[in-house]
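Data first, discussion second: the structure below is written as structure tokens.
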Amino acid sequence: MSGGIDSTLIAYLACKAVGQENVFGIVMPSATTSAEDKIHGIEIAQTLGIEYEEIAIDSILDEFLLMTKLKKNDLAIGNLKARIRMSIIYYFANQKNYLVSGTGNKSEILIGYFTKHGDGACDMEPIGDLYKTEVYELSEYLDISTEILKKPPRAGLWENQTDEDEIGMSYALLDQILYLYTEKDLKNAEIAQKLDISVDDVDMIIEKIKRSEHKSKVPEIPQKTIL
83 MSGGIDSTLI AYLACKAVGQ ENVFGIVMPS ATTSAEDKIH GIEIAQTLGI
133 EYEEIAIDSI LDEFLLMTKL KKNDLAIGNL KARIRMSIIY YFANQKNYLV
183 SGTGNKSEIL IGYFTKHGDG ACDMEPIGDL YKTEVYELSE YLDISTEILK
233 KPPRAGLWEN QTDEDEIGMS YALLDQILYL YTEKDLKNAE IAQKLDISVD
283 DVDMIIEKIK RSEHKSKVPE IPQKTIL
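Position in the sequence shown (from 1) plus 82 gives the number in our numbering.
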């Protein structure tokens, strides 16, 4: 429970689906997690009345980095944080015989904006067919806190990181491009013309889709040849 809109919506939906007594949340801050996000994650769990744990991941991260002794790389460290968190989540899931709910939305999944074997690992993806803008619509319908709704989307994997800066555009524009490309089968130039944006912006997003396809596929298995 990161304190963000996606994990908050998932927590609300889980409680409605199976009852708060069957939902367990974990708040896993690091040094780059904003104090606001940590507080919101805890407040959401308390508001919903679900069991939860707070586990800081910095000691695990520091030990890993000390052991590997590799040159610092913000992206690799950010991905490692996501994988540490998912390892903790699955440990609790194994202990409790629970399922792990993913928090990925359609916008993020399509462009690969998640960590493979990190926040992309789950047993179910309840909002995986909702664009980010639809996530906000459903969250408003469920009366999720305005504070959560108005915060800039951020993973907190490094200092001053925000989703839209990293993606290179707003979710509102991204969702329009994704919709026209994946559901209306428009060409890049047609999308650019329809949205009155540069073809380069459209190309950038389509390239993200193509380059990240491997993240949502089962690993390739070479077929044996029978002579």
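Here a beta-carbon is modelled for each residue, glycine too, at the ideal position from N, C-alpha and C.
If you draw a straight line from the alpha carbon of residue i to that of residue j, how long is it in whole angstroms?
i       : j       : result
Glu-272 : Leu-262 : 9 Å
Pro-111 : Trp-240 : 12 Å
Ile-191 : Leu-157 : 18 Å
Lys-154 : Ala-113 : 16 Å
Lys-98  : Asp-88  : 16 Å
Thr-185 : Pro-304 : 31 Å
Gly-160 : Asp-144 : 13 Å
Thr-307 : Glu-265 : 38 Å
Leu-162 : Gly-101 : 32 Å
Tyr-253 : Glu-229 : 18 Å
Lys-151 : Gly-85  : 32 Å
Ile-171 : Leu-256 : 30 Å
Ser-280 : Asn-270 : 10 Å
Asp-283 : His-296 : 22 Å
Ala-175 : Asp-205 : 10 Å
Buried or exposed, going by whether 16 or more other CB atoms sit within 10 Å of the CB of residue i?
i       : result
Glu-103 : exposed
Arg-293 : exposed
Ser-189 : buried
Pro-235 : buried
Ile-126 : buried
Met-168 : buried
Ser-141 : exposed
Leu-260 : buried
His-122 : buried
Gly-250 : exposed
Leu-309 : exposed
Tyr-173 : exposed
Met-149 : exposed
Lys-299 : exposed
Leu-91  : buried
Comparing alpha-carbon positions, which option in the options lies nearest residue i?
i       : options                               : result
Glu-133 : Ile-139, Val-109 and Asp-156          : Val-109
Leu-181 : Lys-306, Asn-155, Glu-190 and Phe-106 : Phe-106
Thr-115 : Val-100, Lys-178, Gln-243 and Asp-247 : Gln-243
Leu-95  : Glu-222, Asp-119, Thr-215 and Ile-139 : Glu-222
Val-124 : Leu-147, Ala-93 and Ile-139           : With the sequence shown as reference, residue 124 is identified as Ile, and Val is not the correct amino acid for it. Selected option, being the one with the closest Cα: Ala-93.
Asp-278 : Lys-297, Gln-258 and Lys-290          : Gln-258
Below 8 Å on the Cβ atoms is my contact criterion, and I expect residue i with residue j to pass it. Report the Cβ-Cβ distance as a whole number of Å.
i       : j       : result
Leu-212 : Leu-220 : 7 Å
Asn-80  : Gly-210 : Because the chain spans 83 through 309 in this model, residue 80 falls outside it and cannot be assessed.
Pro-208 : Ser-227 : Rounded, the Cβ-Cβ distance is 19 Å, inconsistent with contact.
Thr-129 : Ala-164 : Not a contact, Cβ separation roughly 25 Å.
Any heavy atom of the ligand MG closer than 8 Å to the Cβ of residue i?
i      : result
Lys-98 : Only the bare structure without any ligand can be found here, which leaves the ligand MG out of the picture.
### Message
Report the start-end ranges of each alpha helix (DSSP H) in the region 263-309 that is 4 residues or longer and not cut off at the edges.
### Response
Unbroken alpha helix (DSSP H) runs of no fewer than 4 residues, entirely contained in the region 263-309, are found at 270-277 and 281-293, following chain order.
### Query
What residue ranges within the region 137-167 form continuous alpha helix (DSSP H) runs of no fewer than 4 residues, ordered along the chain?
Taking only runs of at least 4 residues, the alpha helix (DSSP H) segments lying wholly in the region 137-167 are 140-150.
#### Entry: In chain order, each alpha helix (DSSP H) run of at least 4 residues that lies wholly inside the region 194-267
Taking 4 residues as the minimum length, the alpha helix (DSSP H) runs contained wholly in the region 194-267 are 214-223, 228-232, 245-249 and 253-264, in order along the chain.
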